[in-house]
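Below: one structure, written as structure tokens.
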Amino acid sequence: MILRPDAIHDKVEFFEAADLQRLEEQIQQKIDINADLLLEVHHVTYQVVADDKTGRNYATASVHFKQRSSR
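For what it's worth, our numbering labels the leading residue of the sequence shown as 24, then goes sequentially.
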């Protein structure tokens, strides 16, 4: 399979972690990986939700990556 950098224009990834610090670490790792594909962060949405059954909080996020614009 041949992957051309111009073939990926948009990409959305979802993340889940036990706390915000771990969530940020996961997102930063993906930012570094996607930079090699010439993708940059366009938009981030996150929230912290509580599980009523366990009483634990979970941090979730969606990150929209877009092809890096030629500046």
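Where a beta carbon is used, it is the ideal one built from N, C-alpha and C, also for glycine.
- Secondary structure note for K34: it is in no alpha helix (DSSP H), and the uninterrupted beta strand (DSSP E) holding it is D33 to A40.
- Taken atom to atom, the span from the alpha-carbon of T68 to that of A30 is near 25 angstroms.
- Residue pairing from DSSP places A84 in a beta bridge opposite F38 and Y69.
- R45: member of the alpha helix (DSSP H) spanning L43 to A58, first to last residue.
- Under DSSP, K89 takes part in a beta bridge, and its partners are D33 and E63.
- Scanning I54, H66 and Q51 for the CA closest to the CA of H87 turns up H66.
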